[in-house]
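Have a look at the structure below, then the notes.
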Amino acid sequence: MLLNLSNHPSYTWSQKQMEMAVLKYGTVENLPFPQVDPDLDEEALEHLVNLYFKKVIVYKPAAIHIMGELTFCLALVSKLTKTGLPCLASTTHRISEVLPNGSKVSKFEFVRFRQYKL
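According to our numbering, the residues represented by the sequence shown are 1279 to 1396, in order.
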């Protein structure tokens, strides 16, 4: 099972991303990404990371897809990789279009999962 810890539940994934996940891991389960307050100090962030580390371990996933707030992800990936759990990011192509009114619209096309290496 692939555990998805991101702001994008697997039911919102593209067909390609879901197929790739299911092909390699069988199933996908979602753990909602926490709201990481930008005012948190390092000690409070560490507490949140430890809380989510315990939540992830309970799932006993074959791998975890983790994307979100960078300092949280780095700290959690660091802890999880020490247990031997593969941690994955999703890679995308960005397709941007500038509209006539000057605003920019970006679409992200899933390419592959890439393992974090620390």
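Glycine is no exception: its CB is placed at the ideal position from the N, C-alpha and C atoms.
Element boundaries [alpha helix (DSSP H), containing residue i]
i	result
E1387	Element bounds for E1387: not the alpha helix (DSSP H) but the beta strand (DSSP E), K1382 to Q1393.
L1352	L1348 to K1360
V1314	First-last for V1314: undefined, no H or E at that position.
L1301	Q1293 to Y1303
Beta-carbon proximity of residue i to residue j, cut-off 7 Å
i	j	result
T1225	L1396	The structure shown does not extend to residue 1225, since the chain is modelled only from 1279 through 1396, so no value can be given for it.
P1339	L1281	yes
K1279	T1305	Note that residue 1279 is Met in the sequence shown here, rather than Lys. Yes, the Cβ-Cβ distance between M1279 and T1305 is below 7 Å.
Q1393	L1354	no
S1292	F1386	no
S1381	R1372	no
Supposed contact pair residue j and residue i - C-beta distance, whole angstroms, cut 8 Å
i	j	result
E1307	Y1337	6 Å
F1350	V1314	5 Å
S1288	F1311	About 13 Å separates the two Cβ atoms, so there is no contact after all.
K1333	L1309	6 Å
Host beta strand (DSSP E) of residue i (start-end)
i	result
L1280	L1280 to L1283
H1325	From DSSP, H1325 is part of no beta strand (DSSP E) but of the alpha helix (DSSP H) over E1320 to Y1337.
L1366	C1365 to V1376
Residues of its chain near residue i, where Cβ-Cβ distance is below 8 Å and the 5 sequence neighbours each way are ignored
i	result
F1331	L1354, K1357 and L1358
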